[in-house]
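Novice: Got a structure for you, questions after.
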Amino acid sequence: MGYPYPSVVFLTRYIDDERGKQKVANIRETRPTSGKVNAPKKGSPPSEGRLKINVDGAFIKETEAAEVGIIIRDHIGKASLTAWRWVRHGRDAYEAEALACLEGIRLAAKWSRHDMVLEVDCSRVIETFKLGGVNSQQLQSLNFAKVRREQNKVAHELAHLALRSN
Numbered sequence: 006m007g008y009p010y011p012s013v014v015f016l017t018r019y020i021d022d023e024r025g026k027q028k029v030a031n032i033r034e035t036r037p038t039s040g041k042v043n044a045p046k047k048g049s050p051p052s053e054g055r056l057k058i059n060v061d062g063a064f065i066k067e068t069e070a071a072e073v074g075i076i077i078r079d080h081i082g083k084a085s086l087t088a089w090r091w092v093r094h095g096r097d098a099y100e101a102e103a104l105a106c107l108e109g110i111r112l113a114a115k116w117s118r119h120d121m122v123l124e125v126d127c128s129r130v131i132e133t134f135k136l137g138g139v140n141s142q143q144l145q146s147l148n149f150a151k152v153r154r155e156q157n158k159v160a161h162e163l164a165h166l167a168l169r170s171n
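Per this note's numbering: the sequence shown ends with 171, consecutive numbering throughout.
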């Protein structure tokens, strides 16, 4: 078994700031001494008839810009839709995460009437949505789930693609 490709190594390493939303810097490829690679735990697909929406928001303090990344998967884990967006003005990382949730819900509601689970790596945003309520009259079912950052990497990379694409 060979070593992981450099792109895999790149995607599995991040430098943490206060919320884990800082860009990667000074990455060195390392090779495990045991020959085994510790792969991040994968998320599970939703049950049949449901969609899973993974979202991530990022905030760039220096430019006050926000980025949003969204991936929607079906019950077999196949990506049905991906999206990313750059927002010129943002306040903070929390607002970027909340915006990512709203964009993910809107996008999913526009393209599907399936039951949905929204996965995000920011528990504060989930609590805000639960306390404030979400107008989900157009949705049959919407549940929220907190996932670990490593389970949300595709949405994270899509958010950063927004900045690179701008």
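Quick reminder that beta carbons are idealized off the backbone N, C-alpha and C, glycines included.
Just so you know, these numbers come straight off a predicted model, no measurement behind them.
1) With 16 other CB atoms within 10 Å as the buried threshold, where does L163 fall?
2) Using 8 Å as the threshold, is the C-beta distance between G62 and L104 below it?
3) In the structure shown, what three-state DSSP assignment does V130 receive?
4) Looking at the secondary structure, which residues open and close the alpha helix (DSSP H) in which G95 lies?
5) What are the boundary residues of the alpha helix (DSSP H) that includes K158?
6) According to DSSP, which residues form a beta bridge with G111?
7) Contact between the region 125-136 and the region 89-96 is defined here as three or more beta-carbon pairs at a separation below 8 Å; is this criterion met?
8) Using 10 angstroms around the beta-carbon of R153, count the other beta-carbons present and answer buried if the total reaches 16, otherwise exposed.
9) Thinking C-beta only, is A101 closer than 8 Å to E72?
Specialist: On the basis of the supplied data:
1) buried
2) At a Cβ-Cβ threshold of 8 Å, G62 and L104 count as neighbours.
3) helix
4) Premise fails: G95 is in no alpha helix (DSSP H) and is neither H nor E.
5) According to the DSSP assignment, K158 belongs to the alpha helix (DSSP H) that extends over K158 to S170.
6) The question names Gly, yet the displayed sequence has Arg at residue 111. Paired residue(s): none; R111 is not in a bridge.
7) no
8) exposed
9) yes
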